[in-house]
Structures are given as structure tokens and as C-alpha cells.
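Undergrad:
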Amino acid sequence: MHVPVELMRQAADINVTFIPYKGAEMVNDMMAGRVDLTITGTAAAVLVKAGKLVALASTGARRWDPLPDTPTWKESGINVEYHVWFGLATAPGTPPAIVSALTNAYAAALKSPDVLKAFKGWGYTPAARALNTKEFTEMIQVQFYVWEPIIRKAGIKIN
């Protein structure tokens with residue numbers, strides 16, 4: 058979660074010390090009071106509802122359905138957004154017929170009432186449609202241009 062923390066830090070012009078965590082350790086340290094602030098995923102909504110964490114803001118353009126009383130970053134005075142997206146990827150050289158079959162299966166899943174219900178329950182907003190391989194590749198390439206200046210300014214290194 059280093060990149061969204063850095064996005065927030067730069068936009069809010071605040072000093073934050075990033076502590077690299079793996080998995081649940083971050084949330085455990087938040088609940089224990091050893092960490093003051095974190096950006097966490099959708100699973101934390103259960104902890105917020107149970108009173109074990111306090112949600113300060115959601116990162117998207119609109120309030121998040123599972124925590125509708127939590128303001129967005131923009132409502133809180135931080136004029137940026139951070140969105141998480143999911144997609145399917147496969148190894149280079151995968152036969153086109155397999156890529157096509159996977160793409161079609163994913164597109165069908167995004168139309169399934171059971172899948173849509175599960176996504177809504179997790180607080181996810183599914184895409185209106187599945188992107189094809191070319192569109193998904195282009196979207197990922199755009200992400201490099203969006204995040205590169207933030208990563209460079211922060212001096213973030215991939216490890």
C-alpha cells in the first residue's frame with residue numbers, strides 16, 4: 058500500500074513514515090495502537106463496523122457502499138482519488154484461443170447475478186463490461202504514466 062499512502066501524503070502535504078507490512082500484520086498493529094494510519098482493503102469494513110478500527114476516509118470518487126457515513130478523500134480536503142482494479146493476466150505466448158476463452162469466461166462472469174451479488178457484498182463496483190485484451194493492456198500502460206511521477210518523487214523502489 059506504499060503508492061496510495063504516498064499519493065495521499067503528497068496531495069495532503071503531510072509527513073508520513075511508511076512502514077512496509079505484509080498481510081494482516083498491518084491491521085493487527087493498527088488495532089493494537091502501534092500504527093497511527095493505514096490504507097487497507099475492503100476486508101477492514103468488518104473491523105470498522107465492529108468498532109475495532111475507525112475509518113477516516115474512502116479513496117474513491119464517491120462514498121463506499123459498505124461504509125456510507127465515511128467521507129471520501131476529496132470530502133476530507135485531499136483532492137485525489139485512488140481506485141483498485143482487478144483483471145486477468147496470462148503468460149506471454151499463451152495461445153490466442155486460450156486468451157479468447159478466458160476473456161469470454163471473465164466477461165460472462167461479470168454478467169452473472171451471483172458474481173455481481175458477491176462483488177456488491179465485498180464493496181466492489183464491477184466494471185460495466187470486461188475489457189478486451191487490447192483495452193486492458195492500454196489501461197495498464199496508462200497506469201504507468203499516472204503513477205510514475207508519484208513513485209519517482211517518493212523514491213519508491215521495487216523489492
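Sequential numbering from 58 applies to the sequence shown in my numbering. Using N, Cα and C, we set each Cβ at its ideal position, and we do this for glycine too.
What distance in whole Å lies between the Cβ atoms of THR160 and ALA187, which are believed to be in contact at a cut-off of 8 Å?
TA: 7 Å
Undergrad: Is the stretch 132-143 in contact with the stretch 115-124, if contact means three or more CB pairs nearer than 8 Å?
TA: yes
Undergrad: Is the beta carbon of VAL60 closer than 9 Å to that of ILE207?
TA: yes
Undergrad: Nearest to ASP122 by CA position, among PHE201, TRP130, THR99, is which residue?
TA: Ranking the options by Cα distance to ASP122, first place goes to THR99.
Undergrad: By the three-class DSSP mapping on this structure, what secondary structure does SER115 have?
TA: strand
Undergrad: Take LYS191 as the anchor and find which of ASP86, GLY144, ALA211 has the nearest alpha-carbon.
TA: GLY144
Undergrad: Rounded to the nearest angstrom, how far is the Cβ of LEU167 from that of PRO149, given a contact under 8 Å?
TA: Not really, about 24 Å apart at Cβ, beyond 8 Å.
Undergrad: Go ahead and label ILE197 buried or exposed: buried means 16 or more other beta carbons lie within 10 angstroms of its beta carbon, across all protein chains shown.
TA: exposed
Undergrad: Quick check on this structure: which residue in VAL105, VAL62, VAL172 has the alpha carbon closest to the alpha carbon of LEU94?
TA: VAL62
Undergrad: With a 10 Å radius around its C-beta and 16 neighbouring C-beta atoms as the bar for buried, classify MET88 as buried or exposed.
TA: exposed
Undergrad: By the three-class DSSP mapping on this structure, what secondary structure does THR129 have?
TA: The answer is strand: DSSP assigns THR129 an E or B state.
Undergrad: With THR190 as the anchor, note down where its alpha helix (DSSP H) starts and where it stops.
TA: 190-211
Undergrad: State the CB to CB distance for the pair ALA112 and THR127, rounded to an integer number of angstroms; the pair is presumed to be in contact (CB under 8 Å).
TA: 4 Å
Undergrad: In angstroms, rounded to a whole number, what distance separates the CA positions of PHE193 and GLN200?
TA: Between the C-alpha atoms of PHE193 and GLN200 there is a straight-line separation of about 11 Å.
Undergrad: Taking TYR163 as the reference, which of LYS109, VAL203, ASN189, TYR181 has the closest Cα?
TA: ASN189
Undergrad: Is DSSP giving VAL137 helix, strand or coil here?
TA: Looking at VAL137 - three-state DSSP - the assignment turns out to be coil, as it is neither helix nor strand.
Undergrad: At which residues does the alpha helix (DSSP H) containing VAL105 begin and terminate?
TA: 101-106
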